[in-house]
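Below is one structure, written out as structure tokens; the observations come after it.
Residue numbers (our numbering): 2 to 118.
Structure below.
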């Protein structure tokens, strides 16, 4: 008797992608009090594009905006700050960029809508 197995290899986790994008090995020790790293809104959107292909996302018919929001939540829980762009002269603490990834997702969704019509 030969046994066969169906092996499905999925994508890495969202936290893996976020840590890779931020260039860190682990998240903040005190979430909400420390910033372990930063990622751009574009990186969040690209992670969302990759994760939107997962069966768990496609089966639930989750919108891209909700995938982006979920990734932002994961970033916050890891102590990763989402910024519009990485500019060394700009202090990330002095400006509120919390909605940049959501705005980026809305912008891309609107562009896709315009292309479809």
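All C-beta atoms in this analysis are idealised placements derived from N, C-alpha and C, irrespective of residue type, glycine included.
Who are the Cβ neighbours of residue i in its own chain at under 8 Å, not counting the five residues just before and after it?
i	result
residue 52	12, 15, 18, 58, 68 and 72
residue 26	20
Do residue j and residue i have their beta-carbon atoms positioned less than 9 Å apart in this structure?
i	j	result
residue 1	residue 39	Given that the chain is displayed from residue 2 to residue 118, the structure contains no residue 1 and the question cannot be resolved.
residue 32	residue 75	no
residue 48	residue 29	no
When the Cα atoms are used, what is the spatial distance from residue i to residue j?
i	j	result
residue 86	residue 45	12 Å
residue 56	residue 35	33 Å
residue 10	residue 24	24 Å
residue 5	residue 64	36 Å
Just to confirm my understanding: we take residue i, look at its own chain, exclude 5 residues before and 5 after, and list those with CB closer than 6 Å. What are they?
i	result
residue 7	none
Scan the region 30-86 and note each continuous alpha helix (DSSP H) run of 4 residues or more that stays entirely inside, going in chain order. 42-52, 56-61 and 65-79
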